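In the numbering used here, the protein residues as written are 161 to 443. Positions of the beta carbon are idealized from the N, C-alpha and C atoms, including for glycine. All of these numbers come straight from a predicted model, not from anything done at the bench. Below you'll find the structure, written out as structure tokens, and then a few comments.
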Ligand code: GLN
């Protein structure tokens with residue numbers, strides 16, 4: 161089997177089984193298992209591939225046909241220009257979430273600050289903020305031990321483990337201690353009843369506890385807005401990612417303790433981020 165044939169075979173298998181970006185995904189699978197640069201798929205198209213490699217490729221195509229997200233198969237996803245290890249224990253970092261990371265990075269520039277990332281998952285937000293601001297110290301917490309293990313791997317991989325730490329915490333069960341300049345979160349925000357209608361790629365593979373935001377999808381926002389004031393320093397900020405239709409509801413909930421509330425849109429033009437400053441004297 162040569163690369164060209166393997167590619168053709170993978171594309172048609174994916175296509176026949178309804179995978180939308182069959183060509184792109186087949187390229188990604190081959191590049192990953194054959195350790196090739198993009199141009200190699202052309203330059204080395206007549207190179208033979210080993211039986212074991214071919215088995216790996218066939219197996220990956222099979223997994224993809226069964227709706228497993230490509231990122232779990234390849235084990236990595238890019239976010240904010242950095243590479244993150246991903247697996248079934250963590251949500252795949254989304255392009256939408258770059259809106260939150262960019263907002264925080266632009267807001268603080270090179271100023272030093274301490275931040276808490278609630279529901280850190282792969283650690284993508286905490287790590288990219290720390291990567292782009294060398295004066296930032298970030299703590300990421302998550303209810304899932306396995307997610308925290310993955311986040312720690314990602315902090316090392318991206319050389320920020322001296323300024324980013326991760327620990328397991330359940331914000332609904334324990335009091336979270338610490339004083340921060342910034343609390344940020346992309347919490348689970350999908351309504352429980354909507355989950356069964358999601359794409360099988362998401363519904364059957366991504367961690368349910370990273371998606372389910374309760375009956376109206378707002379459980380985490382309500383709770384974090386309640387607990388954040390006691391953890392925020394003077395002029396501290398709270399920044400959320402929200403679902404496209406939740407930003408105004410979240411802004412409304414924040415009004416009591418936060419001022420200068422802003423809603424920021426993502427690249428598709430949907431409301432995506434809500435940010436506010438703690439009112440003086442937490443009042
Ligand atoms: N903070 C992580 C992310 O944005 C995980 C979010 C989540 O699990 N809801 O990818």
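- In the DSSP annotation of this structure, the continuous segment of the beta strand (DSSP E) that includes residue 236 starts and ends at 236-239.
- In the structure shown, residue 271 adopts coil according to DSSP, grouped into three states.
- DSSP places residue 190 in the uninterrupted alpha helix (DSSP H) bounded by 182-194.
- Under DSSP, residue 277 shares a beta bridge with 300, 344.
- Residue 405 has its alpha-carbon roughly 32 angstroms from the corresponding atom of residue 234.
- The criterion of a C-beta distance shorter than 8 angstroms is satisfied by residue 361 and residue 229.
- Placement of the Cβ of residue 181 at a distance of 7 angstroms or more from every heavy atom of the ligand GLN is found.
- Under DSSP, residue 244 forms a beta bridge with 237.
- Inclusion of residue 346 in the 7 angstroms shell around the ligand GLN follows from its C-beta lying nearer than that to a non-hydrogen atom of the ligand.
- Look at residue 288: its beta carbon is at least 7 angstroms from all of the heavy atoms in the ligand GLN.
- Ranked by Cα distance from residue 217, the first of 173, 177, 312 is 173.
- Within 7 angstroms of the C-beta of residue 305 there is not a single heavy atom belonging to the ligand GLN.
- With a cutoff of 8 angstroms on beta-carbon distance, residue 436 and residue 414 are scored as near each other.
- Within the region 390-415, complete alpha helix (DSSP H) segments of at least 4 residues are found at 407-414, given in chain order.
- Proximity of the beta carbon of residue 370 to the ligand GLN is indicated: a heavy atom of the ligand is located closer than 7 angstroms.
- Taking 7 angstroms as the cut-off, the C-beta of residue 259 does not count as close to any heavy atom of the ligand GLN.
- Counting along the chain, the unbroken beta strand (DSSP E) around residue 327 starts and ends at 324-328.
- Each of 371, 273, 366 was checked against the Cα of residue 247, and the nearest Cα belongs to 366.
- The closest heavy atom of the ligand GLN lies less than 7 angstroms from the beta carbon of residue 282.
- If you check the C-beta of residue 251 against the ligand GLN, you find a heavy atom less than 7 angstroms away.
- Annotation for residue 170: no beta strand (DSSP E) segment contains it, though the alpha helix (DSSP H) segment containing it runs 163-176.
- According to DSSP, residue pairing for residue 422 in a beta bridge involves 435.
- Rounded to the nearest whole angstrom, the CA to CA distance from residue 286 to residue 324 is 7 angstroms.
- Around the C-beta of residue 281, 16 or more other C-beta atoms lie within 10 Å, and the residue is accordingly described as buried.
- Annotation: the continuous alpha helix (DSSP H) that includes residue 305 extends over 305-317.
- Ranked by Cα distance from residue 395, the options 373, 381, 418 are led by 418.
- Not one heavy atom of the ligand GLN falls within 7 angstroms of the beta-carbon of residue 265.
- By the beta-carbon neighbour count (other beta carbons within 10 angstroms, threshold 16), residue 342 is buried.
- Put simply, of 195, 167, 194 the residue whose alpha carbon is nearest the alpha carbon of residue 182 is 167.
- Separation of residue 327 and residue 198 (C-alpha to C-alpha, rounded to the nearest whole angstrom) is 37 angstroms.
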